[in-house]
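*Asks:* For reference, each letter of the sequence shown is one residue, going 31 to 230 in our numbering.
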Amino acid sequence: MTRTLGKGRLVAATHNKGKVRELKDLFEPVGMEVVSAIDLDLPEPDETELTFAGNALIKARAACKATGAPALSDDSGLEVTALGGMPGVHTAIWAGEPRDFYVAMKKVEDLLQDMQATDRSARFVSTLAVVWPDGQEAVFEGTVDGTLVWPPRGDRGFGYDPVFVVKGETETFGEMDPAKKHAMSHRADAFRKLKAALLP
């Protein structure tokens with residue numbers, strides 16, 4: 031891919047403060063000024079696609095159109111093996127309105143208990159979509175494999191982090207130092223691929 035992201039403003043098309051924080055940590059060291067949809071008071075578009083990539087593109091296209099600047103969106107979620115990949119693209123919806131991720135984590139755990147599931151493997155998926163004002167688009171997917179634990183542990187991170195232990199680790203993402211998490215997360219995996227393709 032010959033298109034690159036030059037230094038300057040990048041609109042983070044998300045209203046999730048945890049994602050904004052992680053995207054700033056990833057992009058600001060390479061010279062990008064990350065401004066979020068929250069900062070710009072942009073509306074949240076309806077996520078009507080059935081894939082992470084589809085929903086990421088919906089959000090990035092809307093933010094790019096509204097601002098006239100390159101926009102980046104992350105659509106991510108938890109895929110639980112024993113649940114056939116659920117909650118998947120519905121990861122945030124499981125938390126209800128207003129978002130309560132303890133409720134979502136408990137829902138996952140209750141389903142696993144009801145099934146008497148012995149397989150507690152899961153993975154986080156992150157899809158980063160970049161859209162430019164001229165209509166060009168790029169999509170990058172990252173993953174990280176792990177295991178679900180119960181009860182939740184740690185108050186760092188966000189979402190399902192307190193019940194997810196990365197393969198080979200003992201701490202949950204909710205217990206882990208943020209810098210360590212950022213080095214191995216699904217979002218970091220997607221960012222590495224984006225950086226190799228788009229950053230000069």
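From the three backbone atoms N, C-alpha and C, an ideal C-beta is built for every residue, glycine too.
Exposed or buried, Thr157, counting other C-beta atoms within 10 Å across all chains shown (16 or more means buried)?
*Replies:* Buried is the call here.
*Asks:* Taking 8 Å as the threshold (C-beta atoms), are Val110 and Ala83 in contact?
*Replies:* No. Outside cutoff.
*Asks:* For Thr202, is the classification buried or exposed, using 16 other Cβ atoms within 10 angstroms of its Cβ as the cut-off for buried?
*Replies:* Answer is buried; the Cβ neighbour count reaches 16.
*Asks:* Does the pairing of the stretch 69 to 80 with the stretch 196 to 214 give three or more beta-carbon distances under 8 Å?
*Replies:* No, because fewer than three Cβ pairs between the stretch 69 to 80 and the stretch 196 to 214 fall closer than 8 Å, the two stretches do not touch.
*Asks:* Could you have a look at Phe213 and say whether DSSP puts it in helix, strand or coil?
*Replies:* The question names Phe, but residue 213 in the sequence shown is Ala. Three-state DSSP puts Ala213 in a helix.
*Asks:* Considering only residues of the same chain and omitting the five flanking positions on each side of Ala90, which have a CB-CB separation below 8 Å?
*Replies:* The answer, listed in chain order, is Ala43, Ala101, Leu102, Ser103, Ala159, Val160, Val161 and Glu167.
*Asks:* Just to confirm my understanding: we take Leu80, look at its own chain, exclude 5 residues before and 5 after, and list those with CB closer than 7 Å. What are they?
*Replies:* Hits under 7 Å: Val119.
*Asks:* Between the Cα of Glu58 and those of Leu35, Ala93, Gly114 and Asp175, spot the shortest distance and give me the residue it belongs to.
*Replies:* The shortest C-alpha separation from Glu58 is found at Leu35.
*Asks:* Rank Leu224, Ala209 and Gly204 by C-alpha distance to the C-alpha of Glu171 and give the top, closest one.
*Replies:* For Glu171, the nearest C-alpha among the options comes from Leu224.
*Asks:* What are the complete beta strand (DSSP E) segments, minimum 3 residues, inside the stretch 99 to 186?
*Replies:* You should have 101 to 110, 151 to 161 and 167 to 178.
*Asks:* Can you grab the Cα-Cα spacing for the pair Ala125 / Glu63, in whole Å?
*Replies:* Their backbone Cα atoms lie some 30 Å apart in a straight line.
*Asks:* Per DSSP, what kind of secondary structure is Met31 in: helix, strand or coil?
*Replies:* Low confidence applies here, because Met31 scores a pLDDT of 45, under 50, leaving its location unreliable and the question unanswered by this model.
*Asks:* Quick check for students: name the residue ranges of the alpha helix (DSSP H) that lie wholly in the stretch 38 to 102, counting only runs of 4 or more.
*Replies:* Counting only runs of 4 or more, we get 47 to 57 and 82 to 97.
*Asks:* Taking the beta strand (DSSP E) that Val196 falls in, what are its first and last residues?
*Replies:* Taken as a continuous stretch (DSSP letters only), the beta strand (DSSP E) holding Val196 covers Phe194 to Val196.
*Asks:* Whole angstroms is fine: what's the gap from Leu40's alpha carbon to Asp149's?
*Replies:* The straight-line gap from Cα to Cα measures roughly 40 Å.
*Asks:* Hey, would you say Thr173 sits closer than 8 Å to Asp105, going by beta carbons?
*Replies:* For Thr173 and Asp105, no; Cβs fall outside 8 Å.
*Asks:* In whole angstroms, what separates the C-alpha of Glu139 from that of Lys37?
*Replies:* Near 43 Å, if we compare the C-alpha coordinates of Lys37 and Glu139.
*Asks:* Return the chain-ordered list of same chain residues with a C-beta closer than 8 Å to the C-beta of Leu229, the five sequence neighbours on each side being excluded.
*Replies:* Hits under 8 Å: Thr34, Leu35 and Val60.
*Asks:* Roughly how far, in whole angstroms, is the beta-carbon of Thr78 from the beta-carbon of Ile88, given that I think they are within contact range, below 8 Å?
*Replies:* Yes, Thr78 and Ile88 are in contact; Cβ-Cβ is about 7 Å, under 8 Å.
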